[in-house]
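To keep things clear, I will list the structure first and then write my remarks on it.
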Amino acid sequence: MRLQAGNRSTGFTVLEVVLVLVFISIFATVAVLRQPPTDVTLKAQIATLKSYVRYAQSRAINTGTPWGIHYDSDDRRFWLFAGNDSNNRRPLPGETENTTELAGGVTITPAGFTLCFDTWGRPGALATQAEQDHCTPLTEASDLHYILTKNGETESFIIHPETGFIP
81 MRLQAGNRST GFTVLEVVLV LVFISIFATV AVLRQPPTDV TLKAQIATLK
131 SYVRYAQSRA INTGTPWGIH YDSDDRRFWL FAGNDSNNRR PLPGETENTT
181 ELAGGVTITP AGFTLCFDTW GRPGALATQA EQDHCTPLTE ASDLHYILTK
231 NGETESFIIH PETGFIP
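Okay, so the sequence shown: first residue is 81 according to my numbering, each after it adds one.
Dropping the structure here:
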(Lines of atoms letter the chains of each structure in order from A and count residues from 1; the text may use other names and numbers.)
(Lines give C-alpha, C1' and ligand atoms only; values in the text may rest on other atoms or scores of the structure.)
Protein backbone atom coordinates (compact mmCIF):
# COMPACT_ATOMS: atom_id res chain seq x y z
CA MET A 1 0.00 0.00 0.00
CA ARG A 2 1.32 3.35 -1.01
CA LEU A 3 0.82 6.67 0.75
CA GLN A 4 -0.51 9.40 -1.36
CA ALA A 5 1.19 12.78 -1.33
CA GLY A 6 -1.89 14.52 0.02
CA ASN A 7 -2.17 12.30 3.14
CA ARG A 8 1.21 13.10 4.65
CA SER A 9 1.02 14.65 8.09
CA THR A 10 3.52 17.31 9.10
CA GLY A 11 5.40 17.48 12.41
CA PHE A 12 8.48 16.25 14.21
CA THR A 13 9.52 12.67 14.55
CA VAL A 14 10.18 11.16 17.96
CA LEU A 15 13.89 10.98 17.15
CA GLU A 16 14.06 14.72 16.43
CA VAL A 17 12.29 15.61 19.68
CA VAL A 18 14.58 13.34 21.73
CA LEU A 19 17.72 14.80 20.13
CA VAL A 20 16.61 18.38 20.83
CA LEU A 21 15.89 17.51 24.47
CA VAL A 22 19.33 15.88 24.83
CA PHE A 23 21.08 18.97 23.42
CA ILE A 24 19.09 21.31 25.68
CA SER A 25 19.98 19.26 28.76
CA ILE A 26 23.68 19.23 27.83
CA PHE A 27 23.75 23.01 27.33
CA ALA A 28 21.84 23.61 30.57
CA THR A 29 24.25 21.41 32.53
CA VAL A 30 27.27 23.26 31.15
CA ALA A 31 25.70 26.64 31.92
CA VAL A 32 24.89 25.67 35.52
CA LEU A 33 28.36 24.26 36.15
CA ARG A 34 30.01 27.49 34.96
CA GLN A 35 28.14 29.65 37.49
CA PRO A 36 30.35 30.92 40.32
CA PRO A 37 29.46 29.67 43.80
CA THR A 38 27.14 32.03 45.63
CA ASP A 39 27.89 33.08 49.21
CA VAL A 40 24.63 34.11 50.81
CA THR A 41 26.18 35.02 54.17
CA LEU A 42 26.15 38.75 53.42
CA LYS A 43 22.54 38.82 52.25
CA ALA A 44 21.44 36.72 55.22
CA GLN A 45 23.33 38.93 57.68
CA ILE A 46 21.82 42.15 56.32
CA ALA A 47 18.31 40.65 56.38
CA THR A 48 18.86 39.55 59.98
CA LEU A 49 20.21 42.94 61.06
CA LYS A 50 17.31 44.76 59.39
CA SER A 51 14.82 42.52 61.18
CA TYR A 52 16.53 43.21 64.52
CA VAL A 53 16.38 46.96 63.90
CA ARG A 54 12.69 46.71 62.98
CA TYR A 55 12.11 44.68 66.13
CA ALA A 56 13.77 47.35 68.30
CA GLN A 57 11.59 49.99 66.65
CA SER A 58 8.38 48.04 67.22
CA ARG A 59 9.31 47.38 70.87
CA ALA A 60 9.89 51.12 71.40
CA ILE A 61 6.49 51.96 69.94
CA ASN A 62 4.63 49.19 71.78
CA THR A 63 6.19 49.66 75.21
CA GLY A 64 6.49 53.45 75.29
CA THR A 65 10.17 53.08 76.21
CA PRO A 66 13.21 53.70 73.99
CA TRP A 67 14.75 50.54 72.54
CA GLY A 68 17.77 50.18 70.32
CA ILE A 69 20.61 48.19 68.81
CA HIS A 70 24.26 48.60 69.78
CA TYR A 71 27.16 47.25 67.71
CA ASP A 72 30.60 46.89 69.30
CA SER A 73 33.16 46.67 66.51
CA ASP A 74 35.93 45.50 68.86
CA ASP A 75 34.33 42.15 69.69
CA ARG A 76 32.08 42.09 66.58
CA ARG A 77 28.91 41.70 68.65
CA PHE A 78 25.61 43.50 68.61
CA TRP A 79 22.74 43.50 71.04
CA LEU A 80 19.30 44.83 71.75
CA PHE A 81 18.85 47.21 74.66
CA ALA A 82 15.86 48.64 76.47
CA GLY A 83 15.54 52.07 78.00
CA ASN A 84 18.18 54.75 77.82
CA ASP A 85 21.13 52.54 78.74
CA SER A 86 22.84 50.62 75.95
CA ASN A 87 24.20 48.21 78.59
CA ASN A 88 20.65 47.11 79.51
CA ARG A 89 20.98 44.14 77.17
CA ARG A 90 18.04 42.03 76.07
CA PRO A 91 18.08 38.87 73.95
CA LEU A 92 17.34 39.41 70.28
CA PRO A 93 14.45 37.46 68.75
CA GLY A 94 15.40 33.82 68.27
CA GLU A 95 18.56 34.15 70.38
CA THR A 96 19.26 32.82 73.85
CA GLU A 97 22.25 35.02 74.67
CA ASN A 98 22.18 38.78 75.27
CA THR A 99 24.67 39.40 72.46
CA THR A 100 24.91 38.07 68.92
CA GLU A 101 28.12 37.78 66.94
CA LEU A 102 28.39 39.15 63.44
CA ALA A 103 28.87 36.45 60.78
CA GLY A 104 32.47 35.55 59.99
CA GLY A 105 34.23 37.87 57.57
CA VAL A 106 31.44 40.48 57.59
CA THR A 107 32.22 44.06 58.61
CA ILE A 108 29.81 46.94 59.25
CA THR A 109 30.30 50.60 58.42
CA PRO A 110 30.03 52.72 60.50
CA ALA A 111 32.21 50.70 62.84
CA GLY A 112 30.61 50.66 66.26
CA PHE A 113 27.26 52.39 66.53
CA THR A 114 24.33 52.83 68.87
CA LEU A 115 20.95 53.26 67.26
CA CYS A 116 17.89 53.88 69.39
CA PHE A 117 14.23 54.48 68.69
CA ASP A 118 12.08 56.82 70.74
CA THR A 119 8.50 56.04 71.75
CA TRP A 120 7.25 57.28 68.37
CA GLY A 121 9.59 54.90 66.51
CA ARG A 122 11.86 57.68 65.30
CA PRO A 123 15.53 56.71 64.99
CA GLY A 124 17.98 58.57 67.15
CA ALA A 125 21.16 58.48 69.16
CA LEU A 126 21.70 58.16 72.87
CA ALA A 127 22.74 61.48 74.35
CA THR A 128 23.47 62.65 77.87
CA GLN A 129 21.81 65.83 79.00
CA ALA A 130 21.83 67.01 82.61
CA GLU A 131 22.93 63.57 83.84
CA GLN A 132 19.93 61.89 82.21
CA ASP A 133 20.43 59.66 79.19
CA HIS A 134 17.75 59.79 76.54
CA CYS A 135 17.17 58.85 72.92
CA THR A 136 17.43 62.02 70.86
CA PRO A 137 15.63 61.76 67.50
CA LEU A 138 17.72 62.58 64.47
CA THR A 139 17.15 66.03 63.05
CA GLU A 140 19.14 65.62 59.86
CA ALA A 141 17.31 65.37 56.60
CA SER A 142 19.70 62.64 55.45
CA ASP A 143 19.18 58.92 55.87
CA LEU A 144 21.26 56.64 58.08
CA HIS A 145 23.39 54.35 55.93
CA TYR A 146 24.74 51.01 57.12
CA ILE A 147 27.07 49.08 54.84
CA LEU A 148 28.00 45.42 55.33
CA THR A 149 31.05 44.09 53.51
CA LYS A 150 32.48 40.63 52.95
CA ASN A 151 35.27 39.67 50.53
CA GLY A 152 34.84 42.89 48.56
CA GLU A 153 31.08 42.48 48.15
CA THR A 154 28.84 45.05 49.80
CA GLU A 155 25.20 45.24 50.80
CA SER A 156 23.62 48.23 52.45
CA PHE A 157 20.43 49.41 54.03
CA ILE A 158 19.13 52.78 55.07
CA ILE A 159 16.92 54.10 57.82
CA HIS A 160 14.87 57.21 57.10
CA PRO A 161 14.82 59.90 59.80
CA GLU A 162 11.49 60.90 61.36
CA THR A 163 9.74 57.69 60.31
CA GLY A 164 12.42 55.06 60.86
CA PHE A 165 11.32 53.37 57.63
CA ILE A 166 13.71 50.66 56.44
CA PRO A 167 13.16 49.74 52.78
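Glycine included, each C-beta is placed from N, C-alpha and C at the ideal position. Just so you know, these numbers come straight off a predicted model, no measurement behind them.
Check, Outcome
"Extent of the continuous alpha helix (DSSP H) run through I141", "T121 to T143"
"Selection from T243, E242 and H225 that minimises the alpha carbon distance to E235", "H225"
"Beta-bridge partners of G192, as assigned by DSSP", "Bridge partners of G192: none, in fact."
"Supposed close pair T180, W147 - CB separation, criterion 8 Å", "In fact, because the Cβ distance is near 15 Å, the residues do not count as touching under 8 Å."
"Range covered by the beta strand (DSSP E) that runs through F161", "R157 to A162"
"Beta strand (DSSP E) segment containing T234, residue limits", "E233 to I239"
"Inter-residue Cα distance where the pair is N168 and P116", "43 Å"
"For Y132, the nearest candidate out of D223, A205 and Y151 (CA to CA)", "Y151"
"Three-state class that DSSP yields for Q209 in the structure shown", "With a pLDDT of 49 at Q209, under the threshold of 50, the modelled position of that residue is not reliable, and the figure given next carries that caveat. Strand."
"beta-carbon L172 near the ligand MN non-hydrogen atom, thresh 7 Å", "Looking at this structure, you won't find the ligand MN or any other ligand, since it has none at all."
"F237 vs K123 beta-carbon contact at 8 Å", "no"
"Cβ-based neighbour list, L182, same chain, cut-off 6 Å, excluding 5 preceding and 5 following", "R156"
"Cβ-based burial, L228 [other Cβ within 10 Å; buried from 16]", "buried"
"Supposed close pair P171, Y135 - CB separation, criterion 8 Å", "About 11 Å; that fails the 8 Å criterion."
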